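In this text, residue positions in the sequence shown follow the numbering used here: the first is 37, and each later residue adds one. Think of the CB as a built atom: it goes at the ideal place given N, C-alpha and C, for glycine as much as any other residue. None of the values given here were measured: they were computed from a predicted structure. A short write-up of the structure that comes next.
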Amino acid sequence: MSEATYFILAALLDGPLHGYAVIKRVQELSGGRVGLAVGTLYGALERMTDGGLIEVDREEVVAGRPRRYFRATASGRESVQEEAGRLAAAAAVVTGRTAASKRPASGTGPAAAAGAVVIA
Numbered sequence: 037m038s039e040a041t042y043f044i045l046a047a048l049l050d051g052p053l054h055g056y057a058v059i060k061r062v063q064e065l066s067g068g069r070v071g072l073a074v075g076t077l078y079g080a081l082e083r084m085t086d087g088g089l090i091e092v093d094r095e096e097v098v099a100g101r102p103r104r105y106f107r108a109t110a111s112g113r114e115s116v117q118e119e120a121g122r123l124a125a126a127a128a129v130v131t132g133r134t135a136a137s138k139r140p141a142s143g144t145g146p147a148a149a150a151g152a153v154v155i156a
């Protein structure tokens, strides 16, 4: 799943949004790291609609211009949850190794020098 798809689905988890609101919500959720251009957004929304991840919730006219609201489908919600789990598992591989590398190896350090047994 692309990063844009992931964050668009995440943005729609709280309910339907129109395009500009999706762009703003993606920026908020990513801490400003992911910015979507309008063309990128609407291309992604079309692909995601065709793929059954999202659907049009409703349309309204605001200031004479049509505004389309999108919502995540059950399949879209399931897909983003699975991707979040996959990302968490992948991150755990690295964060687990980082935490382990900070612990002193058994038999080293000041406690071992004093004759204590170190259990990591």
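Expected contact under 8 Å - CB spacing of VAL70 and GLU39 to nearest Å: Mapped onto the sequence shown, residue 70 falls at position 34. Mapped onto the sequence shown, residue 39 falls at position 3. Contact flag correct, Cβ pair sits at about 6 Å.
Opposing strand residues paired with LEU53 [DSSP bridges]: Within the sequence shown, residue 53 is the residue found at index 17, counting from 1. Under DSSP, LEU53 shares a beta bridge with PHE106.
CA nearest to the CA of LEU65, picked from ALA46, THR76 and THR41: For the purposes of this step, residue 65 is taken as the residue at position 29 of the sequence shown. That would be ALA46, whose Cα lies nearest to the Cα of LEU65.
Test item: CB-CB of GLU91 and TYR42 under 7 Å: As a first step, residue 91 must be located in the sequence shown, where it is residue number 55. As a first step, residue 42 must be located in the sequence shown, where it is residue number 6. Cβ distance not < 7 Å, so GLU91 and TYR42 don't count as in contact.
Residues near MET37 by beta carbon distance below 6 Å, same chain, minus five either side: Working through the sequence shown from its first residue, we reach residue 37 at position 1. Cβ neighbours of MET37 beyond the five flanking positions: GLU119.
Exposed unless 16 or more other CB atoms sit within 10 angstroms - verdict on GLY87: Taking the sequence shown and counting its residues from 1, the one referred to as residue 87 is at position 51. That one is exposed.
Alpha carbon of ARG101 to alpha carbon of ALA125, nearest angstrom: Here residue 101 refers to the residue found at position 65 of the sequence shown. Here residue 125 refers to the residue found at position 89 of the sequence shown. Their Cα atoms are separated by approximately 44 Å.
Classification of VAL74 by the beta-carbon crowding that lies within 10 angstroms, buried from 16 upward: As a position in the sequence shown, residue 74 is number 38, starting the count at 1. It counts as exposed.
Three-state secondary structure assigned by DSSP to ALA152: As a first step, residue 152 must be located in the sequence shown, where it is residue number 116. Only weak support is given to the placement of ALA152: the predicted model assigns it a pLDDT of 47, under 50, and the value that follows is read from those uncertain coordinates. Of the three classes helix, strand and coil, the one that applies to ALA152 here is coil, per DSSP.
Where the alpha helix (DSSP H) containing VAL74 begins and where it ends: One-based indexing of the sequence shown puts residue 74 at position 38. Segment 74-86, the alpha helix (DSSP H) holding VAL74.
Buried or exposed (CB count within 10 angstroms, at least 16 for buried), SER111: Counted from its first residue, the sequence shown places residue 111 at position 75. Under this definition SER111 is an exposed residue.
Bridge partner(s) assigned by DSSP for VAL98: In the sequence shown, the residue the question calls residue 98 occupies position 62. DSSP, once it has assigned bridges, lists ARG101 as partnering VAL98.
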